[in-house]
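Residue numbers (the numbering used here): 267 to 416. Just so you know, even glycine gets a beta-carbon here, dropped at the ideal spot from N, CA and C. All figures in this text were calculated on a predicted structure; none of them were measured in a lab.
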Amino acid sequence: MTINTVTSLSNIIAAMNELDKLFVSVDRLKSDIDSDRDRLTSEEDHNSATLDQLREEIQKIETTLRDSIPSKTAYNEKTLNRILTEVTEAQRCIPSSDEWSLAFLDGLLCRGAQVELTRAVEMNALLPQRLIEPKLIEVSKHAGVDRDAS
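Shown next, in the form of C-alpha coordinates:
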(Lines of atoms letter the chains of each structure in order from A and count residues from 1; the text may use other names and numbers.)
(Lines give C-alpha, C1' and ligand atoms only; values in the text may rest on other atoms or scores of the structure.)
Protein backbone atom coordinates (compact mmCIF):
# COMPACT_ATOMS: atom_id res chain seq x y z
CA MET A 1 0.00 0.00 0.00
CA THR A 2 1.18 3.32 -0.77
CA ILE A 3 1.27 6.27 1.50
CA ASN A 4 -1.49 7.91 -0.45
CA THR A 5 -3.71 4.91 -0.02
CA VAL A 6 -3.00 4.75 3.70
CA THR A 7 -3.73 8.44 4.05
CA SER A 8 -6.91 8.06 2.06
CA LEU A 9 -8.01 5.11 4.19
CA SER A 10 -7.26 6.97 7.38
CA ASN A 11 -9.24 9.98 6.06
CA ILE A 12 -12.12 7.69 5.20
CA ILE A 13 -12.03 6.09 8.67
CA ALA A 14 -11.97 9.55 10.28
CA ALA A 15 -14.88 10.63 8.10
CA MET A 16 -16.80 7.46 9.05
CA ASN A 17 -16.17 8.17 12.73
CA GLU A 18 -17.49 11.70 12.20
CA LEU A 19 -20.53 10.27 10.39
CA ASP A 20 -21.05 7.86 13.28
CA LYS A 21 -21.00 10.79 15.70
CA LEU A 22 -23.47 12.66 13.48
CA PHE A 23 -25.81 9.66 13.34
CA VAL A 24 -25.67 9.36 17.14
CA SER A 25 -26.42 13.09 17.43
CA VAL A 26 -29.29 12.76 14.95
CA ASP A 27 -30.68 9.82 16.93
CA ARG A 28 -30.46 11.87 20.13
CA LEU A 29 -32.23 14.78 18.41
CA LYS A 30 -34.96 12.43 17.17
CA SER A 31 -35.35 11.09 20.70
CA ASP A 32 -35.47 14.63 22.13
CA ILE A 33 -38.00 15.69 19.50
CA ASP A 34 -40.17 12.64 20.22
CA SER A 35 -39.93 13.33 23.95
CA ASP A 36 -40.84 17.02 23.45
CA ARG A 37 -43.71 16.06 21.13
CA ASP A 38 -45.06 13.64 23.74
CA ARG A 39 -44.69 16.26 26.49
CA LEU A 40 -46.41 18.94 24.38
CA THR A 41 -49.21 16.55 23.46
CA SER A 42 -49.68 15.71 27.13
CA GLU A 43 -49.69 19.42 28.08
CA GLU A 44 -52.11 20.18 25.27
CA ASP A 45 -54.46 17.44 26.46
CA HIS A 46 -54.18 18.72 30.03
CA ASN A 47 -54.79 22.33 28.90
CA SER A 48 -57.76 21.22 26.82
CA ALA A 49 -59.26 19.39 29.79
CA THR A 50 -58.63 22.42 32.04
CA LEU A 51 -60.24 24.70 29.45
CA ASP A 52 -63.29 22.44 29.30
CA GLN A 53 -63.55 22.56 33.11
CA LEU A 54 -63.28 26.36 33.06
CA ARG A 55 -66.02 26.58 30.44
CA GLU A 56 -68.26 24.39 32.59
CA GLU A 57 -67.54 26.56 35.65
CA ILE A 58 -68.27 29.75 33.68
CA GLN A 59 -71.54 28.25 32.47
CA LYS A 60 -72.49 27.31 36.06
CA ILE A 61 -71.70 30.86 37.23
CA GLU A 62 -73.74 32.37 34.38
CA THR A 63 -76.67 30.11 35.25
CA THR A 64 -76.40 31.01 38.93
CA LEU A 65 -76.32 34.73 38.10
CA ARG A 66 -79.28 34.46 35.75
CA ASP A 67 -81.26 32.58 38.39
CA SER A 68 -80.35 34.99 41.18
CA ILE A 69 -81.12 38.23 39.30
CA PRO A 70 -84.83 38.73 38.60
CA SER A 71 -85.78 39.31 35.02
CA LYS A 72 -86.72 42.80 33.88
CA THR A 73 -90.31 41.69 33.41
CA ALA A 74 -90.59 40.39 36.95
CA TYR A 75 -88.95 43.52 38.31
CA ASN A 76 -91.28 45.74 36.31
CA GLU A 77 -94.33 43.81 37.48
CA LYS A 78 -93.18 44.18 41.07
CA THR A 79 -92.57 47.90 40.59
CA LEU A 80 -95.92 48.38 38.85
CA ASN A 81 -97.75 46.57 41.65
CA ARG A 82 -96.02 48.78 44.25
CA ILE A 83 -96.91 51.93 42.29
CA LEU A 84 -100.50 50.75 41.86
CA THR A 85 -100.75 50.18 45.61
CA GLU A 86 -99.37 53.65 46.33
CA VAL A 87 -101.79 55.27 43.86
CA THR A 88 -104.72 53.38 45.39
CA GLU A 89 -103.71 54.54 48.88
CA ALA A 90 -103.34 58.12 47.62
CA GLN A 91 -106.80 57.99 46.03
CA ARG A 92 -108.29 57.01 49.39
CA CYS A 93 -106.82 60.18 50.92
CA ILE A 94 -108.29 62.50 48.27
CA PRO A 95 -111.83 63.64 49.09
CA SER A 96 -114.64 62.67 46.71
CA SER A 97 -115.95 65.27 44.27
CA ASP A 98 -118.82 66.33 46.59
CA GLU A 99 -116.32 66.85 49.40
CA TRP A 100 -114.35 69.37 47.40
CA SER A 101 -115.08 72.85 48.64
CA LEU A 102 -113.69 76.29 48.08
CA ALA A 103 -112.16 76.32 51.56
CA PHE A 104 -110.46 72.96 50.96
CA LEU A 105 -109.04 74.08 47.60
CA ASP A 106 -107.94 77.41 49.07
CA GLY A 107 -106.20 75.59 51.92
CA LEU A 108 -104.62 73.11 49.52
CA LEU A 109 -103.32 75.78 47.15
CA CYS A 110 -102.31 78.35 49.75
CA ARG A 111 -100.97 76.15 52.52
CA GLY A 112 -97.54 77.82 52.43
CA ALA A 113 -99.09 81.29 52.54
CA GLN A 114 -101.38 80.25 55.39
CA VAL A 115 -98.43 78.99 57.40
CA GLU A 116 -96.66 82.31 56.94
CA LEU A 117 -99.85 84.21 57.84
CA THR A 118 -100.24 82.16 61.02
CA ARG A 119 -96.65 82.87 61.95
CA ALA A 120 -97.15 86.60 61.32
CA VAL A 121 -100.35 86.65 63.39
CA GLU A 122 -98.61 84.88 66.27
CA MET A 123 -95.73 87.35 66.11
CA ASN A 124 -98.27 90.18 65.95
CA ALA A 125 -99.77 89.03 69.23
CA LEU A 126 -96.32 89.02 70.86
CA LEU A 127 -94.97 92.35 69.58
CA PRO A 128 -95.84 95.75 71.02
CA GLN A 129 -98.46 97.69 69.01
CA ARG A 130 -96.03 100.40 67.86
CA LEU A 131 -93.72 97.86 66.10
CA ILE A 132 -96.46 96.24 64.04
CA GLU A 133 -97.41 97.41 60.60
CA PRO A 134 -101.04 98.47 60.32
CA LYS A 135 -101.68 95.96 57.51
CA LEU A 136 -100.63 93.10 59.77
CA ILE A 137 -103.00 94.30 62.50
CA GLU A 138 -105.82 94.36 59.97
CA VAL A 139 -104.99 90.84 58.74
CA SER A 140 -104.84 89.51 62.28
CA LYS A 141 -108.29 90.94 63.01
CA HIS A 142 -109.68 89.12 59.96
CA ALA A 143 -107.89 85.94 61.04
CA GLY A 144 -109.62 86.09 64.41
CA VAL A 145 -106.66 86.90 66.66
CA ASP A 146 -107.53 89.16 69.54
CA ARG A 147 -104.47 91.13 70.61
CA ASP A 148 -106.01 92.10 73.88
CA ALA A 149 -106.77 88.50 74.84
CA SER A 150 -103.13 87.45 74.52
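Rounded to whole angstroms, what's the CA-CA distance from residue 324 to residue 289? Just pull it up for me.
-> Looking at the backbone, the Cα of residue 324 and that of residue 289 are separated by about 51 Å.
Look up residue 268 in the DSSP assignment and say whether it is helix, strand or coil.
-> Assignment of residue 268 by DSSP, reduced to helix, strand and coil, places it in the coil class.
So what's residue 279 in DSSP terms, helix, strand or just coil?
-> The answer is helix: DSSP assigns residue 279 an H, G or I state.
Residue 272 versus residue 282: straight-line alpha-carbon distance, rounded = In a straight line, the C-alpha of residue 272 is about 15 Å away from that of residue 282.
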